[in-house]
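Reading through the structure tokens given below for one structure.
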Amino acid sequence: MKRLVFSIILAALVAPSVRADDAHPLWNLATAHRNVLRVSTLFTAQNVRDHLSTDEKIDQAIEWCRQTGVTRVFLETFRSRYWAERATLEHARDRFRKAGFDVAGCVTTTIVGKRSTGWDLISCYTDRPTQDTLQKIFEYTASMFDLIMIDDFWFTDCECEACKAARGDKSWAEYRCDLMVELSRTRILEAARRVNPDVRIIIKYPQWYDNFHNRGYDVVRQTEDFDWIWVGTETRDYEDPRWGGKVQYEAYYIMRWLGGIGAGKCGGGWFDPYGTTERTYLEQATQTILADAREMLLFCYGSLQSGTGPANVALLREQMPRLFDLARRVARKPIRGVAAPKPPSSNADGESYVYD
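Just add 284 to the spot in the sequence shown (first one is 1) and you have our numbering.
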């Protein structure tokens with residue numbers, strides 16, 4: 285009789301979790317395969333404000349992530365002058381953790397301070413007050429998260445008078461690389477680690493590999509300095525009038541190239557729904573996995589709720605079992621083919637992006 289009572293009690297305790305698992309088969313599959321391929325998404329600082337400010341909205345986000353097979357979320361603290369509120373970030377972080385997700389932070393270094401003379405989203409990092417703000421952003425983020433991703437706007441194209449004076453006899457590429465390496469070390473890595481000695485920081489590189497050094501990305505020194513590197517693999521639709529012009533193979537190439545530079549530090553690829561159809565969105569995922577990514581990030585939660593996002597996600601969910609199988613098949617396998625060296629920080633000399 286006691287054994288029967290114990291069995292009934294045990295069944296009552298276990299049944300709710302079993303029903304929850306049965307409702308999320310893709311979550312179960314993703315959890316089982318997370319050591320081969322992890323699926324993640326990002327909430328931009330503005331997404332945090334708009335989609336994670338109440339428990340009801342957090343519940344909706346958790347459900348969407350489970351239905352999509354997402355097992356890690358990145359919560360962004362800063363983007364384009366906007367600081368997400370600490371209370372909202374910490375509450376969302378704790379809710380996601382309690383629901384079984386891994387949670388990390390993110391920073392997008394757009395409009396940090398003094399505007400660049402080039403692209404108006406980019407800042408002049410010769411400017412000392414801008415450097416001070418940069419440091420405060422990473423101190424703030426490190427106080428809440430043990431893992432932080434930097435989106436691929438960590439560069440400069442400024443040619444203001446202060447930059448010209450500081451450049452001296454160096455080329456723009458030399459000056460910018462030296463500047464961004466130094467700021468990466470002192471204003472990001474050292475500053476964040478003083479606040480949180482356990483913090484690890486990911487630098488995510490953009491796609492325009494032939495111009496990295498011209499805007500301050502030094503993939504050798506920065507890859508050595510940062511804990512992890514990630515890669516932008518958002519090739520989108522070649523024919524799209526706004527976002528097009530990139531062949532799908534570039535996602536594979538740049539991930540493999542940076543993976544060769546970073547070896548075990550190359551963690552994942554990041555793509556978005558802009559200028560895509562369902563098929564080209566899925567192709568971004570396929571190319572990212574073929575390039576041996578250990579994680580693919582779906583940018584971003586807010587954008588995936590409208591426009592082409594829902595249709596893209598519907599097909600991705602349908603194909604997720606195949607993608608996990610593909611990841612298992614290609615994991616850590618050596619590649620074969622004709623060697624085509626691309627030295628880091630090398631000039632294209634009129635032959636830009638021939639490796640695409």
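The beta-carbon is built from N, C-alpha and C at its ideal position, and this holds for glycine as well. These numbers come from a predicted model, not from an experiment.
7 Å Cβ cutoff met for residue i and residue j
i, j, result
"D436", "K488", "yes"
"T440", "G397", "no"
"T355", "T315", "yes"
"S468", "D509", "yes"
"L373", "M428", "yes"
"V515", "L542", "yes"
"Q568", "I538", "no"
"D411", "Y533", "no"
"T507", "P557", "no"
"V465", "P628", "no"
"R377", "V387", "yes"
"I573", "C550", "no"
DSSP bridge partner residues for residue i (one or two, in chain order)
i, result
"G389", "L359, I432"
"G516", "W554"
"W367", "F362"
"F641", "Outside the displayed span of the chain (285 to 640) sits residue 641, for which this structure offers no information."
"R322", "E579"
Alpha-carbon to alpha-carbon, residue j and residue i
i, j, result
"G402", "N498", "13 Å"
"I292", "M604", "Legend: pLDDT at I292 = 35, less than 50; position of this residue unreliable, value from coordinates given subsequently. Using only the alpha carbons, I get a separation of about 37 Å."
"V638", "S590", "35 Å"
"G552", "R578", "5 Å"
"L418", "V479", "14 Å"
"Y459", "E340", "49 Å"
"A304", "W311", "The pLDDT assigned to A304 is 47, lower than 50, so where the model puts this residue is not dependable, and the model offers no usable value."
"Y409", "S400", "8 Å"
"A624", "Y536", "14 Å"
"T570", "A475", "37 Å"
"P309", "R601", "11 Å"
"R606", "A632", "37 Å"
"S407", "A307", "46 Å"
"L431", "A611", "24 Å"
"M486", "D502", "It should be noted that the sequence gives Ile, not Met, for residue 486. I486 and D502: Cα-Cα distance of roughly 14 Å."
Item checked: Three or more C-beta pairs below 8 Å linking the segment 329-344 and the segment 618-635 -> no
Note to self: If we require 3 or more residues per run, which beta strand (DSSP E) segments fall completely within the segment 400-438?
What the structure shows: 431-434
Notebook entry, point to check: Within the chosen definition, does the segment 348-363 reach the segment 385-397 through at least 3 CB pairs nearer than 8 Å?
Noted result: yes
Notebook entry, point to check: What runs of the beta strand (DSSP E), each 3 residues or longer, lie entirely inside the segment 530-578?
Noted result: 550-555
Next item on the list: Take every Cβ of the segment 315-327, pair it with every Cβ of the segment 574-594, and state whether three or more of those distances are shorter than 8 Å.
Entry: yes
Margin query: Quick check: the segment 564-581 against the segment 513-533, are at least 3 beta-carbon pairs closer than 8 Å?
Written below: yes
Next item on the list: Starting from the N-terminal side, write out each stretch of the alpha helix (DSSP H) that is 4 residues or longer and does not extend beyond the segment 466-498.
Entry: 475-479
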